[in-house]
Amino acid sequence: MGGYVLVVRPEPGLSATVAAANAMGLNAIGYPLFEIEPLSWECPDPSGIDALLIGSANAIRHGFPVGGAALARLGSKPVYAVGQSTAQIARDAGFEVAVAGTGGLQNVLDSVPPQTRLLRVAGADHVPLNVPASVSMETVIAYKSVPRELPEPLRPLQDFGLIVLLHSAAAAHQFVRESRQLALDRGRITLIAIGPRVAEAAGAGWRAIHVSPQPNDDALLEMALEITREVCI
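Every number in the numbering used here is 1 more than the matching position in the sequence shown, counting from 1.
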């Protein structure tokens, strides 16, 4: 199968996505465009929190380390998770999952019952949300993305047909910066974004930008497979 699929998300998701892509027959390579760095944050009074809103598995991995004070204080709170993979990470950490969304974090927030007091545990670069008037929400920042550069040897991949998977707005912004640094030809590169706001963050000028029908790896990879098949026909 022609062309390459470049995965730029941080670990541990990067290795899992590359493995799944290669198992489907895609020519996938991985290079993280940023690393996740945990940040210290002050846990609010648990008595004023009914549930947690989680938009990334990184919020669980880095915001609630095993044995940490935040996990001890908030571990009994139900989680509203952006998707199934994030929900599973939350369950593995000991949380009960109230909702595992399928259409983005805004849809999850819109499903929260009235009068719920939410704590959103997010990264420094997080998607803005419209909070319903019937819900209250406090946000804490538990991690940040530290950018990395794309290596020079990746440049020739654009000559063979390059598809880039973008799992976050942070990845989109960093890929745009690195594409300029390496003088990549946007007209040769196809992007697949995990959601509309990620696609918007990538800007214009690419060969094509596709938005995954669902915000998860399976949908991203199925779309990449379909695109590579169309190119080969």
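The beta-carbon is built from N, C-alpha and C at its ideal position, and this holds for glycine as well.
Query                                                                                                                                                  : Result
Distance check for alanine 58 and valine 98, CA to CA, integer angstroms please.                                                                       : 13 Å
To test your reading of the DSSP string, which unbroken alpha helix (DSSP H) runs of 4 or more residues are found completely within the region 35-117? : 58-64, 70-75, 85-93 and 106-111
What residues are listed by DSSP as bridge partners for serine 137?                                                                                    : Arg118
Between threonine 18 and the rest of its own chain, which residues show a CB-CB distance below 6 Å, the 5 nearest in sequence each way excluded?       : Val8 and Asp218
The alpha helix (DSSP H) spanning valine 165 covers which residue range?                                                                               : Per DSSP, valine 165 belongs to no alpha helix (DSSP H); it is in the beta strand (DSSP E), 163-167.
Considering leucine 155, what are the terminal residues of the alpha helix (DSSP H) in which it resides?                                               : Looking at the DSSP string, leucine 155 is not in any alpha helix (DSSP H), and its letter there is neither H nor E.
Can at least three beta-carbon pairs, one atom from the region 85-94 and one from the region 113-125, be found at a separation below 8 Å?              : no
Under a three-way DSSP split, which group does serine 146 fall into?                                                                                   : strand
Between the region 166-174 and the region 202-216, can you find at least three pairs of beta-carbon atoms closer than 8 Å?                             : yes
Taking buried to mean at least 16 other C-beta atoms within 10 Å of its own C-beta, is glycine 102 buried or exposed?                                  : buried
So, with DSSP's three-state summary, where would you put valine 128?                                                                                   : coil
Please identify the residue among Ala29, Ala209 and Ala203 whose C-alpha is closest to the C-alpha of arginine 178.                                    : Ala203
For glycine 64 and alanine 184, which I take to be in contact (beta-carbon distance under 8 Å), what is that distance rounded to the nearest angstrom? : About 38 Å; that fails the 8 Å criterion.
If you compare alpha carbons, which of Gly104, Arg187, Ile50 and Ala29 is closest to threonine 140?                                                    : Ile50
Please say whether alanine 134 and glycine 56 have beta carbons closer to each other than 8 Å?                                                         : no
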